[in-house]
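Novice:
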Amino acid sequence: MTAQTDTAQGSVTTVYKVSGMSCGHCEGAVSGEISEIAGVASVQAVASTGEVTVVSATPLDDAAVRAAVDEAGFELVGRV
299 MTAQTDTAQG SVTTVYKVSG MSCGHCEGAV SGEISEIAGV ASVQAVASTG EVTVVSATPL
359 DDAAVRAAVD EAGFELVGRV
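Per my numbering, the sequence shown starts with residue 299, numbered consecutively.
(1) How far does the beta strand (DSSP E) with alanine 370 in it reach, from first residue to last?
(2) My assumption, with CB atoms under 8 Å, is that glycine 337 sits in contact with alanine 355. Please give the rounded CB distance.
(3) Would you decide whether alanine 361 is buried or exposed? Buried here means 16 or more other CB atoms lie within 10 Å of its CB.
(4) Would serine 340 and valine 353 be called neighbours here (beta carbons separated by less than 8 Å)?
(5) Glutamate 331 by DSSP, collapsed to three states: which one?
(6) Under DSSP, the beta strand (DSSP E) around alanine 343 begins and ends at which residues?
(7) Can you tell which of Thr312, Val316 and Ser333 has its C-alpha closest to the C-alpha of alanine 345?
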């Protein structure tokens, strides 16, 4: 099951589940790393739910998202 939806022409929204986030600093770390992936327009991480919503120009490679989340010090569980 994927949580990708076309939100506007040329953009895709994907929601990921990330474990280990517990505060605003965690949200910022994850958002910062994912926002460096080419094509990402916006990232919203919510520690209380463990969900990260990413809007991008095209569907993102899950391996790239996993690497970014790992770099931030957290674990990508998968898509919501």
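Ideal Cβ placement from N, Cα and C applies to all residues, glycine included. On a predicted model such as this, the values are computed, not experimentally measured, just so you know.
Specialist: Checking against the coordinates, here is how it stands:
(1) By 1-based counting over the sequence shown, the position of residue 370 is 72. Run containing alanine 370: none in the beta strand (DSSP E); it sits in the alpha helix (DSSP H), 360 to 370.
(2) Counting from one through the sequence shown, the residue named residue 337 turns up at place 39. Counting from one through the sequence shown, the residue named residue 355 turns up at place 57. Confirmed, Cβ separation roughly 4 Å.
(3) As a first step, residue 361 must be located in the sequence shown, where it is residue number 63. When all chains shown are included, alanine 361 counts as exposed.
(4) Here residue 340 refers to the residue found at position 42 of the sequence shown. Here residue 353 refers to the residue found at position 55 of the sequence shown. Contact: yes.
(5) Residue mapping note: residue 331 aligns to position 33 of the sequence shown, counting from 1. DSSP places glutamate 331 in helix when its eight states are reduced to three.
(6) Locating residue 343 in the sequence shown gives position 45, where the first residue counts as 1. Its beta strand (DSSP E) spans residues 338 to 344.
(7) Position 47 of the sequence shown holds residue 345. Of the listed residues, the one whose Cα sits closest to alanine 345 is Val316.
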